[in-house]
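Some notes on the structure that comes next.
Residue numbers (the working numbering): 2 to 306.
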């Protein structure tokens, strides 16, 4: 039997994107989708301060978008937010406590020690990946409780249940992971927006490496040159940080909001000697051939329901 439908919702400073989806076994189908631009200043993307500056205005836009999804019967929403709302750190452990409470306490202590930021009044989510030799690699992300509560309160006011909250980049990785891991055991994804970029390594079915940086605006040529250099540096660091990788990175996939992704392919192919490809939803399933690439985070969020 098909699972209950759910809505993946991505909220960014400039737009909202929604995808009503339904899972049937391992297959994901899109029931409806909507996108809308947001006025400047309505939503900010900050770890420390409140993000929604015009709750009433955003509520009306979301109510309109949700209404245009049609007769989708669901009240569950999985929320996808910008990476800048979170703090993410990759941690290495030889051992981990078996109890979740003790594990979280240790992770919070390591985050404060390694990343030098206060984890009080934050929510914490983490993913554990067993290393090839011994021990664990742990990908931890935290967000201010008050910031997340602002988004959740808005959805509750619309009559929806916030089912989960995560990073846009992670949801994009989730959406494309099946396709990517089928191609090779180790691959890289570059997530590029107008003012930031992230580099991620998928290895052995999990996210092994994460690097995210905000980026100043500049000329198209200057931005392309910096992206090529930064992504190449990330891949070089990953290759040399641990000799226990199961294989070398062979493929590099590009995703994000940047309209210049195709122009990056040549430069990255030359700099990295990798097979570089721009991702689109159609690579996941042919039925997504008419689905806008900008919906990938919303689709990935919806797929977690």
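The C-beta atom is built at its ideal place from N, Cα and C for all residues, glycine as well.
Residue environment, residue i, which counts as buried when at least 16 other CB atoms sit within 10 Å
i, result
"residue 114", "exposed"
"residue 119", "exposed"
"residue 138", "buried"
"residue 164", "buried"
"residue 2", "In this prediction, residue 2 scores a pLDDT of 48, lower than 50, which makes its location untrustworthy; the coordinate-derived value is nonetheless stated afterwards. Flag for residue 2 reads exposed."
"residue 26", "exposed"
"residue 220", "exposed"
"residue 238", "exposed"
"residue 71", "exposed"
"residue 257", "buried"
"residue 175", "buried"
"residue 303", "buried"
Residue j beta carbon less than 7 Å from that of residue i
i, j, result
"residue 121", "residue 298", "no"
"residue 194", "residue 232", "no"
"residue 211", "residue 91", "yes"
"residue 34", "residue 280", "no"
"residue 157", "residue 78", "no"
"residue 86", "residue 142", "no"
"residue 124", "residue 146", "yes"
"residue 204", "residue 187", "yes"
"residue 36", "residue 58", "no"
"residue 106", "residue 97", "no"
"residue 73", "residue 32", "yes"
Nearest-angstrom Cα separation, counted from residue j out to residue i
i, j, result
"residue 166", "residue 225", "31 Å"
"residue 132", "residue 56", "44 Å"
"residue 159", "residue 64", "7 Å"
"residue 66", "residue 18", "9 Å"
"residue 207", "residue 127", "12 Å"
"residue 202", "residue 135", "19 Å"
"residue 8", "residue 251", "34 Å"
"residue 110", "residue 289", "43 Å"
"residue 54", "residue 81", "18 Å"
"residue 148", "residue 84", "13 Å"
"residue 286", "residue 28", "9 Å"
"residue 278", "residue 253", "6 Å"
"residue 234", "residue 69", "44 Å"
"residue 218", "residue 101", "42 Å"
"residue 45", "residue 14", "5 Å"
"residue 291", "residue 178", "20 Å"
"residue 38", "residue 24", "28 Å"
"residue 209", "residue 62", "37 Å"
"residue 272", "residue 236", "11 Å"
"residue 294", "residue 94", "36 Å"
"residue 227", "residue 213", "14 Å"
"residue 268", "residue 223", "12 Å"
"residue 130", "residue 150", "29 Å"
Delimiting residues of the beta strand (DSSP E) encompassing residue i
i, result
"residue 10", "7-12"
"residue 187", "187-193"
"residue 289", "First-last for residue 289: undefined, no H or E at that position."
"residue 91", "88-94"
"residue 255", "252-257"
"residue 285", "Neither: residue 285 is in no beta strand (DSSP E) and is coded neither H nor E."
"residue 120", "Note, residue 120: premise wrong, no beta strand (DSSP E); not H, not E."
"residue 202", "197-204"
Nearest-angstrom Cβ-Cβ length linking residue i and residue j, presumed shorter than 8 Å
i, j, result
"residue 152", "residue 173", "Not really, about 19 Å apart at Cβ, beyond 8 Å."
"residue 155", "residue 49", "With a Cβ gap of about 19 Å, residue 155 and residue 49 do not count as contacting."
"residue 75", "residue 6", "4 Å"
"residue 255", "residue 265", "6 Å"
"residue 300", "residue 282", "7 Å"
"residue 16", "residue 22", "About 19 Å separates the two Cβ atoms, so there is no contact after all."
"residue 216", "residue 189", "Actually they do not touch by this definition, with Cβ atoms about 18 Å apart."
Bounding residues of the alpha helix (DSSP H) (the contiguous stretch that carries residue i)
i, result
"residue 127", "Premise fails: residue 127 lies in the beta strand (DSSP E), 123-131, not in any alpha helix (DSSP H)."
"residue 151", "146-158"
"residue 68", "56-69"
"residue 240", "221-242"
Min CB distance residue i to chain D below 7 Å
i, result
"residue 305", "Of the protein chains in this structure there is only one, and it is not chain D."
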